[in-house]
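The sequence shown begins at 15 in my numbering and counts up by one.
Idealized CB from N, CA, C, for every residue including glycine.
Data first, discussion second: the structure below is written as C-alpha cells.
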Amino acid sequence: MIIAFEPEAPASAVAAAELLATRYPGITPRRYVYTGIEHTITELHLLGHTANVPAELFETLPGVARVVRVSARYRLVGRHDPREKSFGFSYNGVTFDDSSVGVFAGLCAVDTPEHTDRTFATLEAHGLVTSRAGAYKPRTSPYDFQGLGSACLPWLFELATKHGIRVIAMEVTDARHIDEIMSALAAPGITTGVMLQVGTRNAQNFELLKQVGRQKTLPVLFKRGMGITLDESIHACEYIAGEGNPNIVFCLRGVKTHLGDPHRNLVDFAHVPVVRRQTRMPVCIDPSHSVGSLRLAPDGLPDIFHVTGQGLIAGASMVLVDFHPEPDQALCDGPQALTTAMLPRYLGYVRRVRRAYEELVAGQPEDEGDGADRSTRSA
Ligand code: PEP
Ligand code: MN
15 MIIAFEPEAP
25 ASAVAAAELL
35 ATRYPGITPR
45 RYVYTGIEHT
55 ITELHLLGHT
65 ANVPAELFET
75 LPGVARVVRV
85 SARYRLVGRH
95 DPREKSFGFS
105 YNGVTFDDSS
115 VGVFAGLCAV
125 DTPEHTDRTF
135 ATLEAHGLVT
145 SRAGAYKPRT
155 SPYDFQGLGS
165 ACLPWLFELA
175 TKHGIRVIAM
185 EVTDARHIDE
195 IMSALAAPGI
205 TTGVMLQVGT
215 RNAQNFELLK
225 QVGRQKTLPV
235 LFKRGMGITL
245 DESIHACEYI
255 AGEGNPNIVF
265 CLRGVKTHLG
275 DPHRNLVDFA
285 HVPVVRRQTR
295 MPVCIDPSHS
305 VGSLRLAPDG
315 LPDIFHVTGQ
325 GLIAGASMVL
335 VDFHPEPDQA
345 LCDGPQALTT
355 AMLPRYLGYV
365 RRVRRAYEEL
375 VAGQPEDEGD
385 GADRSTRSA
C-alpha cells in the first residue's frame, strides 16, 4: 500500500501515518522522498501483508493526497494513478521532465582530445548543453576498441567545462567506474556533470543496477534490455530506485531480432506511450543504436530522422544520438554518427516534430486528457 502525501506536506503528517502503520503487526513503513521540479513529494510505502490494513483510515489523515493499494508491480517507478503527473527532476541546471525535449548528442566512444573538443564546440555553437561520451565501451568482440577508460576523464571533463556542457551521458559497466567518474568530476574547476548510463547489455546486471541506485548524486539513464521484455526492463529500474535514487530516465534503443533488418535493431518507439503510462519516468529514445546507419529514405530524410520523429510524436522527452566531427575516423559506430553538416538539420527537425506533438496534445478535448481507456469511442 502506498500513502502519497500532498506536495510539501509537513513532516508531522508523515510521522502520524508512520505511527498508525506500525500498529499493524508485520507492517513496515518506508519513506520515499521525490524532489521534483516543482514540488517535493513524500510517499510512505507499507511493506508486508496489507490486506487487513484499512486504506480509509489513512485517507482521512491530514496531508494525505491518496492511498493506493498496489498490486502494482512497479512500486517505485510505476504510475499508480493515470492522472498523476510525472515528477521529473533537475540535475546540474538541466531539467528532465515531460515539458521539453533534451538532445544529448555526442561521441559513441571518446577517441582523441581534438575530436572531443570539436564535438563540444559544435554542440555549443548550436546551443546544446547536453552530450554523450563513451569512455567504458562494452564491445561484442574483445579485439575491438574498448574505450579509453578513466584515463580520458580529466581532459574530457575539462573540455566539456570549457564549452559549457552541463550533463554528459556516460555508460558504466562496473561499480568502479562510478567512483572514477565521481573523483574526476570533483577536480578543481570542473562544472560539467554526468548521467550514468546502464547499457542494454547490463539491463539485468542487478549488482550494477543497485550500485547506480545507491549513489544519489548522479541521475541514471537506463537502456532497455535488447532481449528481454519491457516488463523485465521496468523491473530493472525498480532495483535502481529501490536503493534510493529515483532520478531515472528510461531509454528505448530497439530490440535484437532479425525481424528488424536492415535496421540494426527492431525500432521499439511504439513503446514510448506505454512506458509513460506505466511509469513516472521520462522517456528517452536512441535512434542511432536502433537504426545503425545514415541511410536515406526516398524523401531525402535519413531513417534516423524518421524514427526520431516517431519517438517524439509519441511523447519522448530526451534523445540520445551519436555525432562525430570525423565519422570516418571514429573507433566505434562511425557509420551511424550524425555529421557536422547534419546536426543543425537534425535539431531543426527535432524542434518541429516536438512542436507538432505539443499542438496535438493541446488540441485534445479536456475530458480526454486523463489517460483513461476510451478504446470504444469512435474517432
Ligand atoms: C551506447 O549508447 O553507446 C550503447 C552501447 O548503447 P546500447 O547499450 O543501447 O547498445
Ligand atoms: Mn555505439
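Specify, as a first and last residue, the run of the alpha helix (DSSP H) that residue i falls within.
| i | result |
| --- | --- |
| V367 | M356 to A376 |
| D125 | Unbroken run through D125: none, as it is neither H nor E. |
| H59 | H59 -> not in any alpha helix (DSSP H); beta strand (DSSP E) instead, spanning T54 to L61. |
| E32 | A25 to A35 |
| C251 | L244 to G256 |
| A165 | Note, A165: premise wrong, no alpha helix (DSSP H); not H, not E. |
| K224 | F220 to R228 |
| F72 | A69 to E73 |
| E194 | A189 to L199 |
Assign residue i to one of two classes, buried (16 or more other C-beta atoms within 10 Å of its C-beta) or exposed (fewer than that).
| i | result |
| --- | --- |
| K151 | buried |
| Q292 | buried |
| N66 | exposed |
| A25 | exposed |
| L273 | exposed |
| Y88 | buried |
| P76 | exposed |
| S113 | exposed |
| V289 | buried |
| P68 | exposed |
| L357 | buried |
| A328 | buried |
| D245 | exposed |
| V375 | exposed |
| G258 | exposed |
| L137 | buried |
| E185 | buried |
| Q350 | buried |
| A404 | Nothing about residue 404 can be read from this structure; the chain reaches only from 15 to 393. |
| A311 | exposed |
| E373 | exposed |
| S155 | exposed |
| T36 | exposed |
| G306 | buried |
| V28 | buried |
| T214 | buried |
Closer than 6 Å by C-beta to residue i: which residues in its own chain qualify, once you throw out the five before and the five after it? Chain order, please.
| i | result |
| --- | --- |
| R80 | A18 |
| F236 | V212, C251, I262 and F264 |
| R132 | P339 |
| L232 | V208 and L210 |
| G10 | Because residue 10 is not part of the residues shown, which for the chain are 15 to 393, the question remains open. |
| T59 | It is worth fixing the name first, because residue 59 is His in this sequence and not Thr. The answer, listed in chain order, is I16 and R44. |
| P127 | W169 |
| L345 | A123, D125 and F159 |
In chain order, what residues of the same chain have a beta carbon less than 7 Å from the beta carbon of residue i, not counting five sequence neighbours either side?
| i | result |
| --- | --- |
| F101 | Y48, G50, I55 and R294 |
| V117 | L142, T144, V333, V335, L361 and V364 |
| L162 | V124 and A149 |
| T354 | T136 and P339 |
Which residue marks the beginning of the beta strand (DSSP E) containing residue i, and which one marks its end?
| i | result |
| --- | --- |
| K237 | V234 to K237 |
| M209 | G207 to V212 |
| R45 | T42 to T49 |
| F110 | V108 to F110 |
| E98 | First-last for E98: undefined, no H or E at that position. |
| F118 | G116 to L121 |
Given residue i, which residues of its chain have a CB within under 8 Å of its CB, disregarding the five upstream and five downstream residues?
| i | result |
| --- | --- |
| T322 | I299, P301, V333, V335, Y360, Y363, V364 and V367 |
| Y253 | F220, L223, K224 and G227 |
| P168 | A198 and A201 |
| Q241 | A small fix is needed here, since residue 241 is Gly in this sequence, not Gln. V269 and K270, listed in sequence order. |
| Q61 | In the sequence as displayed, the identity of residue 61 is Leu instead of Gln. Answer for L61: I41, T42, P43 and R44, listed in chain order. |
| F110 | G102, F103, S104, G116, P233, N261, V263, P296, S331 and M332 |
| A189 | E221, L222 and Q225 |
| L71 | L34 |
| A393 | At A393, the pLDDT of 38 sits below 50, so the modelled position is not reliable; the number obtained from the coordinates is stated separately. Excluding residues within five positions, none has a Cβ falling inside 8 Å. |
Identify the residues that DSSP records as bridge partners of residue i: which are they?
| i | result |
| --- | --- |
| I299 | L266 and V333 |
| P316 | L310 |
| A18 | E57 and R80 |
| V181 | T144 and G207 |
| G92 | T293 |
| L280 | V269 |
| Y38 | Partner(s): none; Y38 has no beta bridge. |
At the 9 Å Cβ level, is residue i part of the contact set with chain B, yes or no?
| i | result |
| --- | --- |
| R294 | Any reference to chain B falls outside this structure, which holds one protein chain only. |
Checklist entry - Where the beta carbon is closer than 5 Å to any heavy atom of the ligand MN, which residues qualify, in chain order? => result C122 and D347
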